[in-house]
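Taking it in order: structure first as C-alpha coordinates, then the write-up.
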Amino acid sequence: MINFRWRRRAPSLVDLARKWKPDPTYDYSLGVRAILWEEVPEGRPTINALEGVAPGEPPVAVPQDNPYMYFLELWEALFYPAVETGDLPILRNFMRAFERILAMGSEVVDESFEMMFLKELMTRYDTLGHCYGPLVREKVLAPRD
(Lines of atoms letter the chains of each structure in order from A; the text may use other names.)
(Lines give C-alpha, C1' and ligand atoms only; values in the text may rest on other atoms or scores of the structure.)
Protein backbone atom coordinates (compact mmCIF):
# COMPACT_ATOMS: atom_id res chain seq x y z
CA MET A 3 0.00 0.00 0.00
CA ILE A 4 1.24 3.49 -0.91
CA ASN A 5 1.14 6.02 1.85
CA PHE A 6 0.69 9.55 0.56
CA ARG A 7 1.44 12.31 2.88
CA TRP A 8 -0.16 15.54 2.01
CA ARG A 9 2.26 18.32 2.33
CA ARG A 10 1.37 21.91 2.36
CA ARG A 11 2.42 23.46 -0.86
CA ALA A 12 4.82 26.35 -0.67
CA PRO A 13 3.12 29.71 -1.16
CA SER A 14 3.28 31.03 -4.69
CA LEU A 15 4.69 34.44 -5.54
CA VAL A 16 1.12 35.68 -5.97
CA ASP A 17 0.25 34.45 -2.46
CA LEU A 18 3.29 36.21 -1.04
CA ALA A 19 2.51 39.43 -2.92
CA ARG A 20 -1.04 39.46 -1.57
CA LYS A 21 0.26 39.23 1.99
CA TRP A 22 2.96 41.88 1.52
CA LYS A 23 2.45 45.15 3.33
CA PRO A 24 4.71 48.18 3.03
CA ASP A 25 7.04 48.71 5.94
CA PRO A 26 6.22 52.17 7.33
CA THR A 27 9.70 52.48 8.83
CA TYR A 28 11.54 51.94 5.52
CA ASP A 29 12.45 55.00 3.43
CA TYR A 30 11.49 53.98 -0.10
CA SER A 31 12.98 57.21 -1.44
CA LEU A 32 16.41 56.16 -0.14
CA GLY A 33 16.87 59.50 1.57
CA VAL A 34 15.98 61.64 -1.46
CA ARG A 35 12.68 62.85 0.00
CA ALA A 36 14.28 64.17 3.19
CA ILE A 37 16.99 66.03 1.27
CA LEU A 38 14.54 67.59 -1.17
CA TRP A 39 12.23 68.53 1.71
CA GLU A 40 15.06 70.33 3.51
CA GLU A 41 16.85 71.96 0.59
CA VAL A 42 13.94 72.83 -1.71
CA PRO A 43 11.17 74.12 0.56
CA GLU A 44 9.29 75.42 -2.50
CA GLY A 45 8.77 71.77 -3.46
CA ARG A 46 6.98 70.75 -0.26
CA PRO A 47 3.46 71.13 -1.71
CA THR A 48 4.50 68.91 -4.62
CA ILE A 49 5.95 66.32 -2.25
CA ASN A 50 2.77 66.37 -0.16
CA ALA A 51 0.66 65.91 -3.31
CA LEU A 52 2.82 62.96 -4.42
CA GLU A 53 2.40 61.29 -1.04
CA GLY A 54 -1.31 62.04 -0.94
CA VAL A 55 -1.22 63.84 2.39
CA ALA A 56 -2.45 67.26 3.40
CA PRO A 57 0.16 69.85 4.37
CA GLY A 58 1.30 69.32 7.95
CA GLU A 59 0.39 65.63 8.07
CA PRO A 60 3.18 63.08 8.47
CA PRO A 61 4.38 61.42 5.24
CA VAL A 62 3.07 57.98 4.40
CA ALA A 63 5.80 55.75 3.00
CA VAL A 64 4.65 53.73 0.01
CA PRO A 65 6.82 51.76 -2.42
CA GLN A 66 6.02 53.89 -5.46
CA ASP A 67 7.53 56.90 -3.68
CA ASN A 68 10.98 56.00 -4.95
CA PRO A 69 13.72 58.51 -5.84
CA TYR A 70 12.65 58.67 -9.48
CA MET A 71 9.06 59.61 -8.56
CA TYR A 72 10.24 62.50 -6.40
CA PHE A 73 12.59 63.69 -9.13
CA LEU A 74 9.86 63.42 -11.78
CA GLU A 75 7.28 65.34 -9.78
CA LEU A 76 9.70 68.12 -8.84
CA TRP A 77 11.06 68.30 -12.39
CA GLU A 78 7.61 69.02 -13.78
CA ALA A 79 6.33 71.25 -10.99
CA LEU A 80 9.41 73.26 -10.09
CA PHE A 81 12.76 72.53 -11.68
CA TYR A 82 11.97 72.94 -15.37
CA PRO A 83 9.84 76.06 -14.84
CA ALA A 84 12.69 77.55 -12.77
CA VAL A 85 15.17 76.77 -15.57
CA GLU A 86 12.88 78.35 -18.16
CA THR A 87 12.33 81.51 -16.12
CA GLY A 88 15.87 81.73 -14.74
CA ASP A 89 14.72 81.55 -11.11
CA LEU A 90 18.20 81.34 -9.54
CA PRO A 91 17.12 81.03 -5.87
CA ILE A 92 15.14 77.87 -6.62
CA LEU A 93 17.87 76.51 -8.89
CA ARG A 94 20.50 77.09 -6.18
CA ASN A 95 18.30 75.15 -3.75
CA PHE A 96 18.12 72.30 -6.25
CA MET A 97 21.89 72.35 -6.75
CA ARG A 98 22.46 72.07 -2.98
CA ALA A 99 20.01 69.17 -2.90
CA PHE A 100 21.71 67.51 -5.88
CA GLU A 101 25.11 67.76 -4.17
CA ARG A 102 23.78 66.05 -1.05
CA ILE A 103 21.92 63.44 -3.11
CA LEU A 104 24.98 62.57 -5.19
CA ALA A 105 27.15 62.43 -2.05
CA MET A 106 25.05 59.49 -0.82
CA GLY A 107 26.74 57.28 -3.40
CA SER A 108 23.64 55.19 -4.08
CA GLU A 109 23.63 53.61 -7.54
CA VAL A 110 19.82 53.62 -7.69
CA VAL A 111 19.66 57.30 -6.73
CA ASP A 112 22.44 58.21 -9.18
CA GLU A 113 20.64 56.46 -12.04
CA SER A 114 17.38 58.21 -11.20
CA PHE A 115 19.17 61.57 -11.02
CA GLU A 116 20.88 60.99 -14.36
CA MET A 117 17.64 59.96 -16.07
CA MET A 118 15.82 63.08 -14.90
CA PHE A 119 18.34 65.90 -14.70
CA LEU A 120 21.68 65.14 -16.33
CA LYS A 121 20.81 65.93 -19.94
CA GLU A 122 19.22 69.26 -18.99
CA LEU A 123 22.16 70.16 -16.75
CA MET A 124 24.59 69.30 -19.54
CA THR A 125 22.79 71.48 -22.09
CA ARG A 126 22.56 74.39 -19.64
CA TYR A 127 26.15 74.31 -18.40
CA ASP A 128 26.98 77.67 -20.02
CA THR A 129 24.15 79.46 -18.24
CA LEU A 130 23.78 77.46 -15.01
CA GLY A 131 27.25 76.00 -14.53
CA HIS A 132 28.15 78.65 -11.97
CA CYS A 133 25.49 77.11 -9.66
CA TYR A 134 26.82 73.55 -9.94
CA GLY A 135 28.64 72.06 -7.00
CA PRO A 136 31.65 69.78 -7.47
CA LEU A 137 29.66 66.53 -7.70
CA VAL A 138 27.13 67.91 -10.18
CA ARG A 139 29.95 69.46 -12.23
CA GLU A 140 31.80 66.13 -12.25
CA LYS A 141 28.68 64.34 -13.53
CA VAL A 142 28.00 66.99 -16.17
CA LEU A 143 31.57 67.10 -17.47
CA ALA A 144 32.28 63.35 -17.31
CA PRO A 145 33.01 61.84 -20.74
CA ARG A 146 30.08 59.79 -22.10
CA ASP A 147 30.41 56.56 -24.02
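Going by this note's numbering, the sequence shown opens with residue 3, and the numbers climb by one from there. Where is the CB? At the ideal position from N, CA and C, for every residue including glycine.
- Distance between residue 114 and residue 103, taken at the CA atoms: about 11 Å.
- Within the segment 114-141, complete alpha helix (DSSP H) segments of at least 4 residues are found at 121-125 and 127-130, given in chain order.
- In this structure, residue 85 sits away from residue 32, with a CB-CB distance that is not shorter than 8 Å.
- Excluding its 5 nearest sequence neighbours in each direction, residue 135 has C-beta neighbours in its own chain below 8 Å: 97, 98, 100 and 101, listed in chain order.
- In the DSSP annotation of this structure, the continuous segment of the alpha helix (DSSP H) that includes residue 100 starts and ends at 90-105.
- By the C-beta density criterion, residue 34 is buried, having at least 16 other C-beta atoms within 10 angstroms.
- At the C-beta level, residue 117 and residue 70 come within 8 Å of one another.
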